[in-house]
Structures are given as C-alpha cells and as structure tokens.
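Notes to accompany the following structure.
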Amino acid sequence: MLLTTIYIIAIIAEAMSGAIMAMRRGMDLFGICLIGIITALGGGTVRDMLLNHYPIGWVKHPEYLLYTSLAAIATTFTVRHLHHLRYVFLVVDGLGLVAFTIIGCNIGLEGGVHISIAIIAGMVTGVFGGLLRDLLCHQMPLVLQKEIYAMVSLAAGAAYVAMLKAGINTGTASVLALAGGVTFRMLAI
Amino acid sequence: MLLTTIYIIAIIAEAMSGAIMAMRRGMDLFGICLIGIITALGGGTVRDMLLNHYPIGWVKHPEYLLYTSLAAIATTFTVRHLHHLRYVFLVVDGLGLVAFTIIGCNIGLEGGVHISIAIIAGMVTGVFGGLLRDLLCHQMPLVLQKEIYAMVSLAAGAAYVAMLKAGINTGTASVLALAGGVTFRMLAI
Amino acid sequence: MLLTTIYIIAIIAEAMSGAIMAMRRGMDLFGICLIGIITALGGGTVRDMLLNHYPIGWVKHPEYLLYTSLAAIATTFTVRHLHHLRYVFLVVDGLGLVAFTIIGCNIGLEGGVHISIAIIAGMVTGVFGGLLRDLLCHQMPLVLQKEIYAMVSLAAGAAYVAMLKAGINTGTASVLALAGGVTFRMLAI
Chain A
1 MLLTTIYIIA IIAEAMSGAI MAMRRGMDLF GICLIGIITA LGGGTVRDML
51 LNHYPIGWVK HPEYLLYTSL AAIATTFTVR HLHHLRYVFL VVDGLGLVAF
101 TIIGCNIGLE GGVHISIAII AGMVTGVFGG LLRDLLCHQM PLVLQKEIYA
151 MVSLAAGAAY VAMLKAGINT GTASVLALAG GVTFRMLAI
Chain B
1001 MLLTTIYIIA IIAEAMSGAI MAMRRGMDLF GICLIGIITA LGGGTVRDML
1051 LNHYPIGWVK HPEYLLYTSL AAIATTFTVR HLHHLRYVFL VVDGLGLVAF
1101 TIIGCNIGLE GGVHISIAII AGMVTGVFGG LLRDLLCHQM PLVLQKEIYA
1151 MVSLAAGAAY VAMLKAGINT GTASVLALAG GVTFRMLAI
Chain C
2001 MLLTTIYIIA IIAEAMSGAI MAMRRGMDLF GICLIGIITA LGGGTVRDML
2051 LNHYPIGWVK HPEYLLYTSL AAIATTFTVR HLHHLRYVFL VVDGLGLVAF
2101 TIIGCNIGLE GGVHISIAII AGMVTGVFGG LLRDLLCHQM PLVLQKEIYA
2151 MVSLAAGAAY VAMLKAGINT GTASVLALAG GVTFRMLAI
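In order, the protein sequence lines correspond to chains A, B and C.
Under our numbering, think of the first position of the first sequence as 1, with each following residue one higher.
Under our numbering, think of the first position of the second sequence as 1001, with each following residue one higher.
Under our numbering, think of the first position of the third sequence as 2001, with each following residue one higher.
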C-alpha cells in the first residue's frame, strides 16, 4: 500500500522530469507526453520484457498512462514555477528510484530468478526509464556518467533482498530500504 | 484482404523511405537494408514484444523481410528518380500509417487488452518504425517534433475502435478509418 | 563444449571492447560495466526477446554478468597495455562473431522457425551487441557503415544452416563455419 502510493507519486514526478527535458528539446505536445510516459514507465517495461513478465504494468493498469500523460501536459503549463519545487522533486526522485527498485526486485523474486538477477531487475526498473529518455532526447545517458544514481539502486536492491533472505518481512524491509536509499541519495548531492 | 494488400504496399514504401535516409547517412548496403526493414517492420515488432504477441509478424512471414530488403536495395538504384513520385509516396505513407494503426488495434483487441491499450498498440505500430529509424540514423525522432503523424494514428485508431464498439463490422470500420485518416493526413500537409 | 568455451572467451573480449569505448566517452565505472555487459550480451538478449526464447541467457546464467562486468572492470586497469594484444583481439572478435552467430542459428532452429529466420537470429546475436553499444555511446552504429561484419555473420550463418540441412552433424558444421568465418573476417581486414 505504502509502496503503491509512493509508486504513483514517483511515476508522476518522473513524467514531469521527462516532460521538462522534452520541452527543452523543442518537442511538440505528443513528444512531451511520450517522453514523460517512457521516463516514468520505461524502466518497468524493459524489466518485464527481459523477465517475460506479462502483461506489462501499464497494459494491466492503463490508468498509469493517463496519470503520466496528464502530468506531462500539466508540466507544460507550470514549468516556470516548478523550480520552486526543486527540493521536493529531489526527495520524490530519490523515493521513486528506491520504490522502483524494490518493485523490480519483488517481480524478479516472484519470477523465481537468482537473487543477483532480482537485484538487476530492481536496477533496470530504477534507471532504464531515464536511460530511454536520454536516448530519445538524443543525449548521452546521464546514468552512464553519474554513477551515484545506479549505485543507490543497486545498494538499495541488494539490501532489500538481503533483508528478505534474513527473514525480515516485506513491509519492514521496504521501509528500511526506502529510508536508507533516500538518505544515501540525499547525502550524495 | 484490402488491409493485407495495403499493408504489403505500405511496408515496401516504408522500407524505401528508410533506405533513402540510410543512404543520406552514408550507410553501406547492409545498413540500408537493415534501416529499411526496421522502418517498415519495427513498429509491429515493438508492439508484439509489448503485448507478448508471438510469433512476431516477420518471424511468421519471413517473406516480409524479403520484400522490404528488396525494396531497400531497389531504392539504391532508383533514388534519383524517386522524387518524381513524391505525391505517390505521401498518399502511400498516409495509407500505410492508418493501415498499420488498424492492424495494431486489431492485434490489441484480439489479445483482450483494454480499448485504450488497443489504441496505443495501433499508434505504436504506426509510429515506432520511424522512431527506431531516426534513433539508428542518429537524429532526433521526427515523430516527437511533428505531432501530426502520431495524432493521425491516435485519431484513426480511436475512431476505428469506437466504430467496432458501436457494432460496425471490421471491413466497413477499416475503410472508413482509412478514408478519414488519409484525408486528415493530406489536409495537414 | 568447444562452442561454449569460445562463447565465454568471446563475451569477455566483447565486454573489454565495450569497456574501452565507454572509457573513451568519459563514462564512470557503472557506465563502463553496463556498456561492457550490453556489448557482450545485448545481441543474444535482443534475439531471445524477438524469438520469445525465455529465460534469456544471462537470466539463466547470472555468472555471465559476473564475467563480463569483471572483464570491464579489469579493462580500466589494463587499458594502456591492451594495444599490445590487438591481433589477439581481432582473432577473438572474429571467433566470437561466428560463435555468436552459430549459437543464434541453433536457438532459432530449436524454436522451429523458418531457416531464413534462423540465419537472421544468428546475425542479430552477432551484431546487435555492438549496435546497442554504439547507440548508448551516442555514435552512428559501426555495423551500419562497415558491412563486412554483418556479411561475415550472415555468410557463416547461412553456411552453417546449409551444412546442417545437408546432414552434416552439428560439431563438424560448427568447426567448418568457425574456420571459414574467421578466415573471411581476417582476409577482409
């Protein structure tokens, strides 16, 4: 429940960050929406395709496409004022990264893959949306140049899976991974 | 039957347009063929991977690879004369976009997805071939900058699905969506 | 057995070549590892997703991720001395290309696809790792400009599948395709 709430907030924030980059590249409204959607949902999509985990999240929950495209459209009207919220965005971005990671780890573990693959599934969920955004916006993927983002995802995923294997329940492990991951992310700024 | 005929003509035209861009980028014959094939068949490939719809079209029908690569090769011999056909290409491109969209919607609906996802499946079929072509040719995807192309696809897909839901048979709905979509596309030039 | 040994050597060599390009582009250690992994394992991953062949190789064998990321990391320490080994790399690269191709053809044939699709599956395995590396490193894919690489893959794949269809056993056909393909590759330099 906590994880779902954070997830929804995080895909909205990611869609807004994608939309801002698309606007800077002079894209039209369709491009802004598509980049917003792909930034928010692309990591989970790649993960599901790699793990043969169908239906993909947004196929099962079309409302995610609605939330993220509305967030992208809303961004075009409010972008001038969004810089006031930059600290809010940083926290949400950190929370989202770790929430994406935990969800990806869970889907890997449910699929019965090796724990190393579950951690990779978490990292793919966390960072591949931004990587696809950068590819489509025609710039060098940021995640390949600033490793902290991927490191937070891998560390949070590894810690989360380790806690589950140590017998800690999912809820507690999620909260601890979220708290630790976001702190790690904030300290690294 | 009509749809299949238009589809074959459209993948040949798309392969030729991909080949022309590959030639401009100085690619060799392999690159020209691959870009031609991906421009023509890439949208349907992405759609099938997203919807878990296997086997993918060209795996089931390897002759599509033959048609599109022959079209790409033929383009290298005839490219100087093709500009005489630019209006023919525009009409075929518009027809192809709508035919791709309708086929994508049908595959989505057959897969039992939500109608919004069926319309998205149509749009992915229509525009992702060109998007992959632009990515591989190392330029900003055109579809993200000139929204009319995606808008025609989304409008034709939505109209088509709405007609089916209103009880209109597939053949009539296809012809009406094709006529409307191509008119919309031509008016927008 | 021979094929597996060549495969492991080849993914290590490919990971090192990917790491070298990532280092030239100023990536951090995460980027270097990811580009190394994708260069080595990306072709097989795309093939498996296109053919619905799950689990993907590295999901079933997570040790491949370990080998390739260790190879990428080792490259960062030894890159100054690697140019002494450039002829070794060329031979391993040629061997790897043909080994990837044969493995891809085998997976296609096991999946029951048309022989033309099996040859395509071989070529995708052989060249798409490098293509993804170039996309992520933000440069024009080399394979689209220097056709020899793809031609070696297609020729070796076609010869291999033809030998199997002519009743030659897998082991003999593999050795002959490897010998022929590597000779072709070396002559073309």
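In this text, a Cβ means the ideal position worked out from N, Cα and C, and glycines have one as well.
Residue i, DSSP secondary structure in three states
i: B/A1188; result: coil
i: C/M2016; result: helix
i: C/G2026; result: coil
i: B/I1056; result: coil
i: B/V1113; result: coil
i: C/C2137; result: coil
i: C/N2106; result: helix
i: A/V79; result: coil
i: B/A1166; result: coil
i: A/H61; result: coil
i: A/M1; result: coil
Residues that residue i contacts on chain A, provided the C-beta gap is smaller than 8 Å
i: C/M2027; result: L144 and Q145
Partner residues on chain C for residue i, Cβ-Cβ distance less than 7 Å
i: A/V113; result: V2059
i: B/I1034; result: Note that residue 1034 of chain B is Leu in the sequence shown here, rather than Ile. Correct list: L2144.
i: B/H1138; result: M2140
7 Å Cβ cut-off: residues of chain B touching residue i
i: C/A2150; result: F1030
Chain A contact residues for residue i, given Cβ-Cβ distances below 7 Å
i: C/Y2054; result: N52
Residues that residue i contacts on chain C, provided the C-beta gap is smaller than 8 Å
i: A/M49; result: M2049
Residues that residue i contacts on chain B, provided the C-beta gap is smaller than 8 Å
i: A/L135; result: L1135
Neighbour list for residue i in chain A, Cβ cutoff strictly below 9 Å
i: C/L2065; result: S116, I117 and I120
CB contact check: residue i to chain E, cutoff 7 Å
i: C/R2080; result: Any reference to chain E falls outside this structure, whose protein chains are A, B and C.
Any non-hydrogen atom of the ligand ATP within 6 Å of residue i CB
i: C/L2154; result: Looking at this structure, you won't find the ligand ATP or any other ligand, since it has none at all.
- prompt: Okay, do the region 2120-2137 of chain C and the region 2092-2106 of chain C touch, 3+ Cβ pairs below 8 Å being the bar?
  reply: Three or more Cβ pairs closer than 8 Å define a contact, and the region 2120-2137 of chain C meets that threshold against the region 2092-2106 of chain C.
query: Going along the chain, which residues of the region 2097-2123 of chain C sit with their C-beta nearer than 8 Å to a C-beta in chain B?
result: Here the close residues are V2113, H2114, S2116, I2117 and I2120.
Three or more C-beta pairs below 8 Å linking the region 1131-1141 of chain B and the region 1015-1029 of chain B: At 8 Å Cβ cutoff, the stretches touch.
message: I want to know whether the region 154-168 of chain A touches the region 76-89 of chain A - three or more CB-CB distances under 8 Å.
response: The answer is no - the region 76-89 of chain A does not touch the region 154-168 of chain A, with fewer than three Cβ pairs under 8 Å.
field: Segment contact, 8 Å Cβ cut-off, at least three pairs: the region 24-42 of chain A with the region 67-76 of chain A
entry: The region 24-42 of chain A and the region 67-76 of chain A touch, with no fewer than 3 CB-CB distances between them shorter than 8 Å.
message: Does the contact criterion of 3 or more C-beta pairs under 8 Å hold for the region 1166-1175 of chain B versus the region 2003-2017 of chain C?
response: Because the criterion of three Cβ pairs below 8 Å is not met, the region 1166-1175 of chain B and the region 2003-2017 of chain C do not touch.
message: Using 8 Å as the cut-off, can you tell me whether the region 141-149 of chain A makes contact with the region 2025-2037 of chain C, which would need three or more C-beta pairs spanning the two stretches below that distance?
response: Contact between the region 141-149 of chain A and the region 2025-2037 of chain C is established, with three or more Cβ pairs separated by less than 8 Å.
query: With a cut-off of 8 Å, do at least 3 Cβ pairs link the region 170-187 of chain A to the region 1088-1096 of chain B?
result: Using a C-beta cut-off of 8 Å, the region 170-187 of chain A makes no contact with the region 1088-1096 of chain B, since fewer than three inter-stretch Cβ pairs fall below that distance.
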